[in-house]
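J.: Heads up: the sequence shown runs through residues 38 to 528, numbered per the working numbering.
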Amino acid sequence: MLDAIIRYSLNHRLSIIGLLVGICTYGFIVANKLPIDVLPNLNRPTVTILAEAHGLAPEEVEALVTVPIESVLNGSPGVLRVRSSSGIGISIAYVEFDWSTDVLKNRQLIAERLQLLSGRLPQGITPTMGPITSIMGEIQFVGLTSTDPSVEPMDLRTFADWNLRPQLMTIPGVSQVIVMGGQVKQYQILVSSHALLARGISLEDLKHSLSEMSENTTGGFIDIGEKEFLIRPLGRVTSIDDIKNSLVGIHLGNPVFVKDVAEVKLGFKAKRGEGSINAKPGVILTIQKQPNASTIDLTHLIDAKLSMIEPILPKGIKLEKNLFRQAHFIETAIGNVKVALRDGIIMVAIILFLFLLNVRTTIITLVAIPVSILVTAIVFDLLGLSVNTMTLGGLAVAIGELVDDAIVDVENVFRRLRENRLLEKPLSSLRVVYLASSEVRNSIVISTVIVCLVFLPLFALGGIEGRLFLPLGIAYVISILASLAVSLTIT
38 MLDAIIRYSL NHRLSIIGLL VGICTYGFIV ANKLPIDVLP NLNRPTVTIL AEAHGLAPEE
98 VEALVTVPIE SVLNGSPGVL RVRSSSGIGI SIAYVEFDWS TDVLKNRQLI AERLQLLSGR
158 LPQGITPTMG PITSIMGEIQ FVGLTSTDPS VEPMDLRTFA DWNLRPQLMT IPGVSQVIVM
218 GGQVKQYQIL VSSHALLARG ISLEDLKHSL SEMSENTTGG FIDIGEKEFL IRPLGRVTSI
278 DDIKNSLVGI HLGNPVFVKD VAEVKLGFKA KRGEGSINAK PGVILTIQKQ PNASTIDLTH
338 LIDAKLSMIE PILPKGIKLE KNLFRQAHFI ETAIGNVKVA LRDGIIMVAI ILFLFLLNVR
398 TTIITLVAIP VSILVTAIVF DLLGLSVNTM TLGGLAVAIG ELVDDAIVDV ENVFRRLREN
458 RLLEKPLSSL RVVYLASSEV RNSIVISTVI VCLVFLPLFA LGGIEGRLFL PLGIAYVISI
518 LASLAVSLTI T
């Protein structure tokens, strides 16, 4: 079979060259489209369940919320492990599935299981599923600071919550934007117990009235002549005065309003944690990506969106775009590996020339390096792999070996052609090339197979270790096998 491959390559040289050009062209196109990330995909299919229980201590959260949630999640098909964390007023459960499962189907399964919690949790507590995120999901931190003393932390937080965050969430590939720091604006109603008692109003009456006052309800239609008019009852409050003038009840025939029993003012929600930028109070937005999104491409989209928002920022608010960028680390890591690849290729070229002392044979041998790398890029695309430090590391390890097969073949052919010229009846050049290649073909194939077998244990690794090191082994083995094909056909 190997003889047939060599014979076909010699008899159809133009076809082989055309195939080479096609592979290199397609490989170059694919290589520029491959997703770039810092590490391979290490995301075990996981569904996160969040449940807020305001005011409950961690012990009560665990007993009343976390344990019932765990009880309905355990035993679900495909679930490997359920982990949980109970804190002050919050319960978080992590449901881990097998690597081979689909996260969207897993979320549907968990949503069905959560329906079984009906009536088992304290009133007002409804567990929800968190967004689909990545283990390396936090790709960028964006900050807001004040350059004007009149701009308070509440203003920064309000702009972040209602303007900046919704804009960032519209970017394809963004999974979640978490806002930290500042002061969350709220209307505060400070009740006077003496005023309630004097007017015969209970605290429950006040709470009930407040819960129903800020609603726009349906009013149906009314026909007047041949026209139909929509009735729109407007009850939503838009200012402090609307709250103050809301009716609470009747006392001795007189209406009692909120302002009669309480003080209404604009305040901020009790803070847990703080945001600080360069030792100044600020608001920080953590941008998380979806699992399959390219970090580099998504970062460029985020930068473009921030550049559009920056000119229209309110006066006194400054946008800090580079608090943290995972893309910087990726670009640095990828750049370092590319430098190693470049230096390796240069060293290989120098050593080849020193040993062969022939520019033509050196160039022919070096063809194996770019062709093997481009073939590896095509395989990456077919397998859905990304360009990361592990895959590039595999190529860096293989650089020196990519020309091994080509060196053996080219050197033997070069020597046989030189000897053939000294014969009285020299053979044709194609015949000499065929015989010279046939002499070393078995050695080339066997040595390449043995080298690839060294990496075979990597393919048996399971869990996160296998997900981490398997791309390195794939990159190495595919590039070595590609160099073998190059030595048997092209060089």
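The beta-carbon is built from N, C-alpha and C at its ideal position, and this holds for glycine as well.
The model shown is predicted, which means the values in this text are computed figures rather than measured ones.
Quick one: grab the DSSP three-state call for H245.
T.: Counting from one through the sequence shown, the residue named residue 245 turns up at place 208. Of the three classes helix, strand and coil, the one that applies to H245 here is helix, per DSSP.
J.: What do you get for F492, buried or exposed, if any count of 16 or more other CB atoms within 10 angstroms of its CB means buried?
T.: On the sequence shown, residue 492 is found 455 positions in, with the first residue counted as 1. Of the residues assessed, F492 falls on the buried side of the cut-off, its CB having 16 or more other CB atoms within 10 angstroms.
J.: Could you pull out every unbroken beta strand (DSSP E) segment of at least 3 residues lying fully inside the region 55–95, listed in chain order?
T.: Taking 3 residues as the shortest admissible run, the region 55–95 contains the following complete beta strand (DSSP E) segments, listed from N- to C-terminal end: 83–89.
J.: Looking at C-alpha atoms only, which residue of T399, E438 and T398 is the closest neighbour of I410?
T.: Residue mapping note: residue 410 aligns to position 373 of the sequence shown, counting from 1. When each option's Cα is compared against that of I410, the closest is E438.
J.: Would you tell me roughly how many angstroms separate the C-alpha atoms of I388 and G381, rounded to the nearest one?
T.: Walking along the sequence shown from the start, residue 388 turns up at place 351. Walking along the sequence shown from the start, residue 381 turns up at place 344. The alpha-carbon atoms of I388 and G381 are separated by roughly 11 Å.
J.: Since T336 and E175 are thought to touch, with beta carbons under 8 Å apart, how far apart are those beta carbons, to the nearest angstrom?
T.: Here residue 336 is taken as the residue at index 299 of the sequence shown, counted from 1. Here residue 175 is taken as the residue at index 138 of the sequence shown, counted from 1. Their Cβ separation, rounded to whole angstroms, is 12 Å, which puts T336 and E175 out of contact at 8 Å.
J.: By Cβ distance, which residues of its chain are closer than 6 Å to A519, with the 5 residues on each side in sequence left out?
T.: The residue you call residue 519 lines up with position 482 of the sequence shown. Excluding residues within five positions, the ones whose Cβ falls inside 6 Å are S409 and V412.
J.: Within the same chain, show all residues whose beta-carbon is closer than 8 Å to that of N282, passing over the 5 residues directly before and after it, in chain order.
T.: Residue 282 sits at position 245 when you count from the first residue of the sequence shown. Contacts found: F294, V295 and K296.
J.: Hey, which unbroken runs of the alpha helix (DSSP H) at 4 residues or more fall wholly within the region 453–522?
T.: 466–491
J.: Who are the Cβ neighbours of D340 in its own chain at under 8 Å, not counting the five residues just before and after it?
T.: Translated into the one-based positions of the sequence shown, residue 340 becomes position 303. Excluding residues within five positions, the ones whose Cβ falls inside 8 Å are K358.
J.: Can you tell me which of the three DSSP states L267 falls into?
T.: Your numbering for residue 267 matches position 230 in the sequence shown. Strand at L267.
J.: DSSP on V132, reduced to helix/strand/coil?
T.: The residue you call residue 132 lines up with position 95 of the sequence shown. It is a strand residue.
J.: So K326 and S229 are supposed to be a Cβ contact under 8 Å. How far apart are they, rounded?
T.: Translated into positions along the sequence shown, residue 326 becomes position 289. Translated into positions along the sequence shown, residue 229 becomes position 192. Not confirmed; about 50 Å, so no contact.
J.: With R144 as the anchor, note down where its alpha helix (DSSP H) starts and where it stops.
T.: In the sequence shown, counting from the first residue as 1, residue 144 sits at position 107. Unbroken alpha helix (DSSP H) run through R144: V140 to L151.
J.: Any contact of the region 139–154 with the region 40–50, i.e. 3+ C-beta pairs under 8 Å?
T.: no
J.: Leaving out five residues before and five after G257 in sequence, what residues of the same chain have Cβ atoms less than 7 Å from its Cβ?
T.: Here residue 257 refers to the residue found at position 220 when the sequence shown is read from its first residue. Excluding positions up to five away in sequence, the list reads I268.
J.: Straight-line CA distance for I444 to L432?
T.: In the sequence shown, the residue the question calls residue 444 occupies position 407. In the sequence shown, the residue the question calls residue 432 occupies position 395. I444 and L432: Cα-Cα distance of roughly 18 Å.
J.: In terms of residues, what are the limits of the alpha helix (DSSP H) holding D260?
T.: As a working note, residue 260 is residue 223 in the sequence shown. D260: not part of any alpha helix (DSSP H); member of the beta strand (DSSP E) spanning F258 to I261, first to last residue.
J.: Kindly indicate the opening and closing residues of the beta strand (DSSP E) around G218.
T.: Counting from one through the sequence shown, the residue named residue 218 turns up at place 181. First-last of the beta strand (DSSP E) with G218: V211 to G218.
J.: Counting beta carbon pairs with one atom in the region 481–491 and one in the region 360–374, are three or more of them shorter than 8 Å?
T.: no
J.: Please state the DSSP three-state secondary structure of I436.
T.: Walking along the sequence shown from the start, residue 436 turns up at place 399. I436 falls in the helix class under three-state DSSP.
J.: Assign D192 to buried or exposed, taking buried as 16 or more other Cβ atoms, counted over all protein chains shown, within 10 Å of its Cβ.
T.: As a first step, residue 192 must be located in the sequence shown, where it is residue number 155. A buried status is given to D192, since no fewer than 16 other beta-carbon atoms sit within 10 Å of its beta-carbon.
J.: Reducing DSSP to helix, strand and coil, say where H337 ends up.
T.: On the sequence shown, position 300 is the one that residue 337 refers to. DSSP places H337 in helix when its eight states are reduced to three.
J.: Hey, quick one: how far does the alpha helix (DSSP H) through R157 stretch, first residue to last?
T.: For this step, residue 157 is matched to residue 120 along the sequence shown. Element bounds for R157: n/a, residue is neither H nor E.
J.: Along the beta strand (DSSP E) that carries L303, what are the first and last residues, could you check?
T.: In the sequence shown, counting from the first residue as 1, residue 303 sits at position 266. Boundaries of the beta strand (DSSP E) around L303: A299 to F305.
J.: Let's see if you can read the secondary structure: which residues bound the alpha helix (DSSP H) around K25?
T.: Nothing can be reported for residue 25: it is not among the residues displayed for the chain, which extend from 38 to 528.
J.: For T254 and R273, what's the separation of their Cα atoms in angstroms?
T.: Against the sequence shown, residue 254 aligns to sequence position 217. Against the sequence shown, residue 273 aligns to sequence position 236. Spanning the alpha carbons of T254 and R273 requires a straight line of approximately 9 Å.
J.: When the Cα of T165 is compared with those of S113, S171 and I106, which residue comes out closest?
T.: As a working mapping, residue 165 is identified with position 128 in the sequence shown. Checked all of S113, S171 and I106; the closest Cα to T165 is I106.
J.: Just to check my reading of the structure: L243 and V285 have Cβ atoms closer than 8 Å, yes? What is that Cβ distance to the nearest angstrom?
T.: Within the sequence shown, numbered from 1, the residue matching residue 243 stands at position 206. Within the sequence shown, numbered from 1, the residue matching residue 285 stands at position 248. Right, the Cβ-Cβ distance comes to about 6 Å (below 8 Å), so this counts as a contact.
J.: Contact check, L79 vs L505 under 8 Å by CB: the rounded distance?
T.: Along the sequence shown, read from residue 1 onward, the residue named residue 79 stands at position 42. Along the sequence shown, read from residue 1 onward, the residue named residue 505 stands at position 468. Right, their Cβ atoms sit about 6 Å apart.
J.: Measuring CA to CA, which of V424, E347, A435 and A94 is closest to I127?
T.: In the sequence shown, counting from the first residue as 1, residue 127 sits at position 90. The shortest C-alpha separation from I127 is found at A94.
J.: Measure how close the beta-carbons of V470 and T402 come, nearest whole angstrom, since I'm counting them as under 8 Å.
T.: Working through the sequence shown from its first residue, we reach residue 470 at position 433. Working through the sequence shown from its first residue, we reach residue 402 at position 365. Incorrect: roughly 15 Å between the Cβ atoms, too far for contact.
J.: Is it the case that the region 345–357 contacts the region 192–208, given that we only count it when at least three CB pairs across the two stretches are under 8 Å?
T.: yes
J.: Among L394, E347, A386 and I383, which has the Cα closest to the Cα of G180?
T.: Taking the first residue of the sequence shown as position 1, residue 180 is located at position 143. Checked all of L394, E347, A386 and I383; the closest Cα to G180 is E347.
J.: State buried or exposed for P508, treating a residue as buried only when at least 16 other CB atoms are found within 10 Å of its CB.
T.: On the sequence shown, residue 508 is found 471 positions in, with the first residue counted as 1. By the 16-neighbour rule on beta-carbons within 10 angstroms, P508 is buried.
J.: Identify which residue in T485, S171 and V298 has its Cα closest to the Cα of S239.
T.: The residue labelled residue 239 in the question sits at position 202 within the sequence shown. Of the residues T485, S171 and V298, the one whose Cα lies closest to the Cα of S239 is V298.
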